[in-house]
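Number of protein chains: 2
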Amino acid sequence: MNSELTAAVRRFNRTVTQRVGALDDEYMARGRPLAQARLLWEIGPYGAEVGALRARLGLDSGHLSRLLRALEGDGLVTVRPTGPAGGDGRVREAVLTDAGRAEWAELDERSDEFARSILEPLTARRRERLVAAMAEVERLLMASMVEIEKCPPGDRRARACVRAYARDVARRFDDGFDPALSSPVHDEDLVPPAGVFLLATLRSEPVGCGAVKLHRDAPAEIKRVWVADTVRGLGVGRRILSELERHAAERGWRTVRLDTNRRLTEAIAMYRSAGYREIEPYNTERYAHHWFEKHLAP
Amino acid sequence: MNSELTAAVRRFNRTVTQRVGALDDEYMARGRPLAQARLLWEIGPYGAEVGALRARLGLDSGHLSRLLRALEGDGLVTVRPTGPAGGDGRVREAVLTDAGRAEWAELDERSDEFARSILEPLTARRRERLVAAMAEVERLLMASMVEIEKCPPGDRRARACVRAYARDVARRFDDGFDPALSSPVHDEDLVPPAGVFLLATLRSEPVGCGAVKLHRDAPAEIKRVWVADTVRGLGVGRRILSELERHAAERGWRTVRLDTNRRLTEAIAMYRSAGYREIEPYNTERYAHHWFEKHLAP
DNA sequence: TCGAATACCTGACTAAAGTCAGGGACATGA
DNA sequence: TCATGTCCCTGACTTTAGTCAGGTATTCGA
């Protein structure tokens, strides 16, 4: 990789952590231990499950527990079992009290004030330019935070993606989408060695998926490539696709193919630009209008 | 201020502190206390004075001293009086040992690796875009970090600015610049109530200056507006100028004027766009070709 | 030359962060 | 229904960070 690029990133990191990182903490703290302030902020006005907080803040279970006790002691937070009905009785939920909500609002205000303090010394034009550049950085940084990894297709987050995929295409296809009419995909075909299911996550939230079926004595078949709106246009689909191809190639397949609906125009464009070429139908999928194929380098 | 702008800044802060802030620390630490790692990094391959380190890292004198002892104990650093000859005998300097330099190189390598890990998931085009946007953010953030404050003209940093100013104009004027031939400016004219000297600093390093003399029974006179190359084009000159005008206006002056050299074209453009209009010569300054005046709102 | 100021240091703290071993309540699947 | 695992908790730590009051050597200015 070009060392000028990495040097630019390093300069950015340095300036930004100085300006944004350090000061942000100060604005947050308000005479309270920083960890407590962060926790209070993270609980937010609608509350949050203790486990989720642990994951988001990356805290040790004991440490988090003690922080919650401290906030409870200050009357800012109450911790209670999640919804009396139904839910898992082990899981607990932290909710802000009225005082806690007031404190949270104060933090919110300070966060705004901090943002203003960054913009304030600039002229209106420079403000616009800064905000535009920040949005660009944020968006691309987000793209680079997306992680793609193998995942069992039965996983909760995998299921959520597949459901989102079905909802999406149902909305977009001319004649809706009834999974029962489409050729079925079975979980067992998407676990090695029969296939692979990939999950794309952003801060461990699912934001995309894709799968490949490694048919015996036939080209590998790519299925269910889906990307959430929030990260569309950031190259995540392309990355999933090339990961799937890599898996197929590593396991010895020399060709992959896939079918798709005429309404999925960006997907079709992506397949073409990724080196796929259109072929004759190789199946009778109810919702397919185009069939593509790509040869893989060994 | 527009709340859309502040909201964008807040989103940026959040994403960036998550991605850059937190991970940067991890990459730095290498199983060592973070403060030690940062200090080691800040000392750098050429060493640094203890006082400078204290200022840059914002550490308590006791704390820093202990951190230095710890690094010394690990054989990474030696602390010694600055240059045997001449220098201030109280000042000490921290220098990396061979082991320390090796460790520093390791941190440098990790910093690079971290930068690569940000760019790596992106396509070449997105990398270019990210780096360009980062450079823009960095530059404008830098602009917003510049602080402008009153400063005695005898201050070390003020002197440094005035020297830099003289060097600059000597290089740019057609016939060089000999301070002895220019109308002199005395320190005592630049301290209240006779006048004001302003210093612009970036991370407490001087990056610009400007002064105003409040002549009795005559318009106030602006002198020595200078901005370092590193922050030119960021609106610092304009900010200094309007601060100087504010000071004059607050003390009751209704007019400011100034003279300038024909070679300082950006400065002339700035004066015009800031509302100055050209007038007849009001002095016999050896190096002046243009004279400007501006009326101040009370 | 002598007092005040400066640069760095040590000792003696407190506060906060982080770690680890277990324990009780609940959930789950054989 | 019973072993096993999960979720959150407490207790008992260690490690870092950060503060404050002196103390020593040196420099600077009256």
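Chains P and D are the protein sequences, given in the same order.
For reference, each letter of the first sequence is one residue, going 63 to 360 in our numbering.
For reference, each letter of the second sequence is one residue, going 63 to 360 in our numbering.
Glycine included, each C-beta is placed from N, C-alpha and C at the ideal position.
Inset, instruction - Give every residue of the same chain whose Cβ lies closer than 8 Å to the Cβ of S123/P, excluding the five residues on either side of it in the sequence, and list them in chain order. - result: In its chain, beyond the 5 residues on either side, R116 have a beta carbon closer than 8 Å to the beta carbon of S123/P.
Inset, instruction - Can you give me the Cβ contacts of G238/P inside the same chain, cut-off strictly under 6 Å, excluding the 5 residues immediately before and after it? - result: Same-chain partners within the cutoff: A232.
Inset, instruction - Look up A110/D in the DSSP assignment and say whether it is helix, strand or coil. - result: Of the three classes helix, strand and coil, the one that applies to A110/D here is strand, per DSSP.
Legend entry - Rounded separation between M196/D and E182/P - CA only: Taking the straight line joining both Cα atoms gives about 20 Å.
Legend entry - Minimum length 4: unbroken alpha helix (DSSP H) runs contained in the segment 247-272 of chain P: Correct list: empty.
Legend entry - chain D contact residues for A117/P, given Cβ-Cβ distances below 8 Å: By Cβ distance, chain D contributes nothing, its closest Cβ being about 13 Å from A117/P, past 8 Å.
Inset, instruction - Please list the residues of the segment 230-251 of chain D that have a C-beta atom closer than 8 Å to any C-beta atom in chain P, keeping them in chain order. - result: The segment 230-251 of chain D vs chain P, Cβ under 8 Å: nothing.
Legend entry - Boundaries (first-last residue) of the beta strand (DSSP E) holding F354/P: DSSP places F354/P in the uninterrupted beta strand (DSSP E) bounded by H352 to H357.
Inset, instruction - Please determine, among P107/P, E171/P and F259/P, the residue with the shortest C-alpha to C-alpha distance to V157/P. - result: If we check each option's Cα against that of V157/P, P107/P comes out closest.
Inset, instruction - Out of E155/D, G162/D, G151/D and R118/D, state which residue places its alpha-carbon closest to the alpha-carbon of V139/D. - result: It is G162/D whose Cα lies nearest to the Cα of V139/D.
Inset, instruction - Drop a sphere of 10 angstroms on the beta-carbon of N345/P, count the other beta-carbons inside from all chains shown, and report buried for 16 or more, exposed for fewer. - result: Classification of N345/P: exposed, given that the 10 Å Cβ count is below 16.
Inset, instruction - Say whether the segment 238-250 of chain P touches the segment 207-225 of chain D, bearing in mind that this needs 3 or more beta-carbon pairs closer than 8 Å, one atom from each stretch. - result: In short, these stretches do not touch, since the Cβ pair count stays below three.
Legend entry - Short Cβ contact (8 Å threshold) for T322/D with G297/P: No.
Inset, instruction - Within 10 angstroms of the Cβ of T327/P, are there 16 or more other Cβ atoms? Answer buried if so, exposed if not. - result: Counting Cβ neighbours within 10 Å, T327/P comes out exposed, since fewer than 16 surround it.
Legend entry - 8 Å Cβ cutoff, L181/D in contact with chain P: So yes, L181/D belongs to the interface.
Inset, instruction - Kindly indicate the opening and closing residues of the alpha helix (DSSP H) around T68/P. - result: In the DSSP assignment, T68/P falls within the unbroken alpha helix (DSSP H) covering S65 to V78.
Inset, instruction - Give the secondary structure of T327/D by DSSP, where H, G and I count as helix, E and B as strand, and everything else as coil. - result: Note: T327/D maps to helix in three-state DSSP.
Legend entry - Inter-stretch contact (C-beta, 8 Å, three-pair minimum) for the segment 66-82 of chain D and the segment 330-339 of chain P: The way I'd put it, the segment 66-82 of chain D doesn't touch the segment 330-339 of chain P; fewer than three beta-carbon pairs between them come closer than 8 Å.
Inset, instruction - Please state if the CB of V199/D and the CB of V199/P are separated by a distance shorter than 8 Å. - result: V199/D is positioned such that its CB atom lies closer than 8 Å to that of V199/P.
Inset, instruction - Report yes if the CB atom of V318/D is closer than 8 Å to the CB atom of I302/D, and no otherwise. - result: Their beta carbons are not under 8 Å apart, which means V318/D does not touch I302/D by this criterion.
Legend entry - Cβ-Cβ distance between V253/P and A262/P below 8 Å: No, the pair does not count as a contact, with Cβ atoms beyond the cut-off.
Legend entry - H309/P to V258/P span [Cα, whole Å]: If I take the Cα positions, the gap works out to 8 Å.
Legend entry - Cross-chain neighbours of T185/P in chain D, by beta carbon under 7 Å: G297, listed in chain order.
Inset, instruction - Name the two residues that bound the continuous alpha helix (DSSP H) containing R308/D. - result: Start and end: V298 to E312.
Inset, instruction - Output, in sequence order along the chain, the residues in the segment 161-180 of chain D whose CB is closer than 7 Å to any CB in chain P. - result: Interface annotation for the segment 161-180 of chain D against chain P: S173, D174, A177, R178 and I180, criterion Cβ-Cβ distance under 7 Å.
Legend entry - Assumed close pair V274/D, E283/D - CB separation to whole angstroms, cut-off 8 Å: About 7 Å separates the two Cβ atoms, so the contact holds.
Legend entry - Proximal residues to R362/D (C-beta, below 7 Å), its chain only, five neighbours per side dropped: Here chain D comprises residues numbered 63 to 360, so residue 362/D is not present and cannot be evaluated.
Legend entry - Cβ separation of L358/D and R313/D, assumed to be a contact under 8 Å, to the nearest whole Å: Incorrect: roughly 10 Å between the Cβ atoms, too far for contact.
Legend entry - Spatial distance of H142/D from D170/D (CA atoms): According to the sequence provided, residue 142/D is Arg. The question's His does not apply to it. Between the alpha carbons of R142/D and D170/D lies a distance of about 24 Å.
Inset, instruction - Would you please verify whether the beta carbon of L203/P is less than 8 Å from any beta carbon of chain D? - result: L203/P belongs to the set of residues whose beta carbon lies under 8 Å from a beta carbon in chain D.
Legend entry - Neighbourhood of R118/P by C-beta distance below 7 Å, restricted to the same chain and skipping five residues each side: Close CB contacts of R118/P within its chain, under the 7 Å cut and outside five residues either way in sequence, are with E104 (chain order).
Legend entry - Distance, E155/P Cα to G83/P Cα: Approximately 29 Å, taken between the alpha carbons.
Inset, instruction - Return the residue from the list L306/D, R300/D, C213/D and A256/D that minimises the CA-CA distance to D279/D. - result: Restricting attention to L306/D, R300/D, C213/D and A256/D, the CA atom closest to the CA of D279/D is found in A256/D.
Legend entry - Contact residues within the segment 274-287 of chain P, judged by C-beta distance below 9 Å to chain D: Residues passing the 9 Å Cβ filter: none.
Inset, instruction - Look up R229/D in the DSSP assignment and say whether it is helix, strand or coil. - result: The three-state reading of DSSP puts R229/D in helix, counting H, G and I together.
Legend entry - Three-state secondary structure (DSSP) of R201/D: Under the three-state reduction of DSSP, R201/D is assigned to helix.
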